[in-house]
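For reference, the structure is listed below as structure tokens.
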Amino acid sequence: MAIDLFDDPIWQMSLGERAAIEGLLSAVRPALAIEVGTAEGACLRRIAMHSGEVHSFDLITPSIPDLPANVRLHTGDSHALLPEVLAGFAAEGRNVDFALVDGDHSADGVRRDVEALLASPAVGDTVIVLHDTGNEVVRTGLDAVPYGAYPKVAHVDLDFVPGHLGRDRFPGELWYGLGLVVVAADRPAYGSGPAVQTDRHHGGELLAIARDVLGGREPGIGPRGYDGRDRRLADAYRRIDELERRLGDGALGA
Ligand SMILES: C[S@@+](CC[C@H](N)C(=O)[O-])C[C@H]1O[C@@H](n2cnc3c(N)ncnc32)[C@H](O)[C@@H]1O
């Protein structure tokens, strides 16, 4: 049985991530959706298939054959354009039902995109999906978002679909991973415990530790710059302790 969802060669997501996004879109059936990071429009096509109207942002105008009629492309920096477009939706009393953040992959850039969404009154009943949450740079930005400052944020799981450690492709690098932020203004998180999931290990950090330990045994997938096996292991143990401490403090994303 062929599943066209898995056949697309230009969709820059793992098959598990595609299935998760497809499942969310089928459940949400967005009237209004946003994508930050259009690229070649692969994920955009799936979002458009399930949505009434999609607004997709990229620095460059993509060339997308047979662009679905319900798509509106915005060319430019999302940090300037996204707040403007969201302000327009808010002024019209519209709600964004689904958003994918997959544009600027710098720590500061991804943080700003997520904060622009969370700050908008148009994001009140919204499923937000974040890509590359397994990457250390992206994750640094996402961990810096003050989710707790937005009472409408009901649930945050940055390892909704865990990322992976590259081996043949991007050896030693951490990529992929989907995060999920559920915004539900009618179900504020106040009084119902922390919205950010701290009941499990941070997938990306565990993979980074595994990479550094593995690097002692398998040339080519370890980090550069370490000069001895013992030092690598000592550093891995130090980082495990640090991760435990942060989880214990509830400090992640607080
Ligand atoms: C990983 S690709 C997106 C992949 C796409 N969502 C998919 O699933 O096929 C990231 C895209 O974000 C765009 N981008 C990077 N920084 C941006 C910014 N500040 N504003 C808008 N787009 C940006 C890049 O040009 C690139 O096309």
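In terms of the UniProt record's numbering, the numbers along the sequence shown are unbroken and rise by one, the last being 254. No residue lacks a Cβ here, since even glycine has one placed at the ideal position from N, Cα and C. Every value quoted in this text rests on a predicted model; they were computed, and no experiment measured them.
Euclidean distance between Cα positions of Gly172 and Arg94: Here the question's residue 172 lines up with position 172 in the sequence shown. Here the question's residue 94 lines up with position 94 in the sequence shown. Near 43 Å, if we compare the C-alpha coordinates of Arg94 and Gly172.
heavy atom of ligand 1 below 7 Å from Trp11 C-beta: For the purposes of this step, residue 11 is taken as residue 11 along the sequence shown, with counting starting at 1. Trp11 Cβ: within cutoff of ligand 1.
Status (buried if at least 16 other CB within 10 Å, exposed otherwise) for Tyr23: Within the sequence shown, numbered from 1, the residue matching residue 23 stands at position 23. According to the sequence displayed, residue 23 carries Gly and not Tyr. It is exposed - the Cβ of Gly23 has fewer than 16 other Cβ atoms within 10 Å.
Identity of the residues DSSP links to Thr61 by a beta bridge: For the purposes of this step, residue 61 is identified with residue 61 of the sequence shown, where counting begins at 1. The partner list for Thr61 (beta bridge, DSSP) is empty, contrary to what the question assumes.
DSSP three-state assignment for Thr140, whether helix, strand or coil: As a first step, residue 140 is located in the sequence shown; it is residue number 140 there, counting from the start. Of the three classes helix, strand and coil, the one that applies to Thr140 here is helix, per DSSP.
Reduced DSSP category for His164 - H, G, I as helix; E, B as strand; rest coil: Counting from 1 along the sequence shown, the entry for residue 164 is found at position 164. Residue state, collapsed to three classes: strand.
Same chain, Cβ closer than 6 Å to Leu67, neighbours up to 5 away in sequence not counted: Walking along the sequence shown from the start, residue 67 turns up at place 67. If we look at Leu67 and ignore the five residues flanking it on each side, it has no Cβ neighbours.
Near ligand 1: Asp102 beta-carbon under 7 Å from a heavy atom: The residue you call residue 102 lines up with position 102 of the sequence shown. Indeed, a heavy atom of ligand 1 lies less than 7 Å from the Cβ.
Distance cut-off 7 Å: Leu142 Cβ against heavy atoms of ligand 1: The residue you call residue 142 lines up with position 142 of the sequence shown. No, the beta carbon of Leu142 sits no closer than 7 Å to any heavy atom of ligand 1.
Nearest residue (CA-CA) to Glu136, options Arg211, Ala20, Asp7: In the sequence shown, residue 136 corresponds to position 136, counting from 1. The residue with the shortest Cα to Cα distance from Glu136 is Arg211.
Through-space distance from Asp77 to Pro83, alpha-carbon basis: Numbered from 1 along the sequence shown, position 83 holds the residue referred to as residue 83. Numbered from 1 along the sequence shown, position 77 holds the residue referred to as residue 77. Near 11 Å, if we compare the C-alpha coordinates of Asp77 and Pro83.
C-beta atoms of Ile47 and Leu117 nearer than 8 Å: The count along the sequence shown starts at 1 and reaches residue 47 at position 47. The count along the sequence shown starts at 1 and reaches residue 117 at position 117. No; because the gap between Cβ atoms is not below 8 Å, this pair is not in contact.
Reduced DSSP secondary structure (H/G/I, E/B, other) of Ala184: The count along the sequence shown starts at 1 and reaches residue 184 at position 184. Here Ala184 sits in strand by DSSP.
Straight-line gap, Ser51 to Asp235 (C-alpha atoms, nearest Å): In the sequence shown, the residue the question calls residue 51 occupies position 51. In the sequence shown, the residue the question calls residue 235 occupies position 235. Cα to Cα, Ser51 sits roughly 47 Å from Asp235.
Which of helix, strand or coil DSSP assigns to Arg94: Numbered from 1 along the sequence shown, position 94 holds the residue referred to as residue 94. Residue state, collapsed to three classes: coil.
Run of the alpha helix (DSSP H) containing Ile34, from where it starts to where it stops: Position 34 of the sequence shown, counted from the start, is the residue given in the question as residue 34. That residue, Ile34, is in no alpha helix (DSSP H); its beta strand (DSSP E) goes 32–36.
Ile3 beta carbon near ligand 1 (any heavy atom closer than 7 Å): In the sequence shown, residue 3 corresponds to position 3, counting from 1. Checking every heavy atom of ligand 1 against the Cβ of Ile3, none is found closer than 7 Å.
Of the residues Gly37, Glu242, Gly41, the one placed nearest Leu59, counting alpha carbons only: Taking the first residue of the sequence shown as position 1, residue 59 is located at position 59. Minimum Cα distance to Leu59 is reached at Gly37.
Residue nearest to Ala119 in terms of C-alpha spacing, selected from Phe98, Lys152, His55: Numbered from 1 along the sequence shown, position 119 holds the residue referred to as residue 119. It is Lys152 whose Cα lies nearest to the Cα of Ala119.
Those residues which DSSP pairs with Ile128 across a bridge: Position 128 of the sequence shown, counted from the first residue, corresponds to residue 128. According to DSSP, which records beta bridges pairwise, Ile128 is partnered with Ala99, Val181.
Leu44 versus Glu92 - alpha carbon distance: As a first step, residue 44 is located in the sequence shown; it is residue number 44 there, counting from the start. As a first step, residue 92 is located in the sequence shown; it is residue number 92 there, counting from the start. Straight-line Cα distance between these residues: approximately 24 Å.
Outcome for Asp249 when other beta-carbon atoms lying within 10 angstroms are tallied against a minimum of 16: The residue you call residue 249 lines up with position 249 of the sequence shown. Asp249 comes out exposed.
Outcome for Phe57 when other beta-carbon atoms lying within 10 angstroms are tallied against a minimum of 16: Numbered from its first residue, the sequence shown carries residue 57 at position 57. Flag for Phe57 reads buried.
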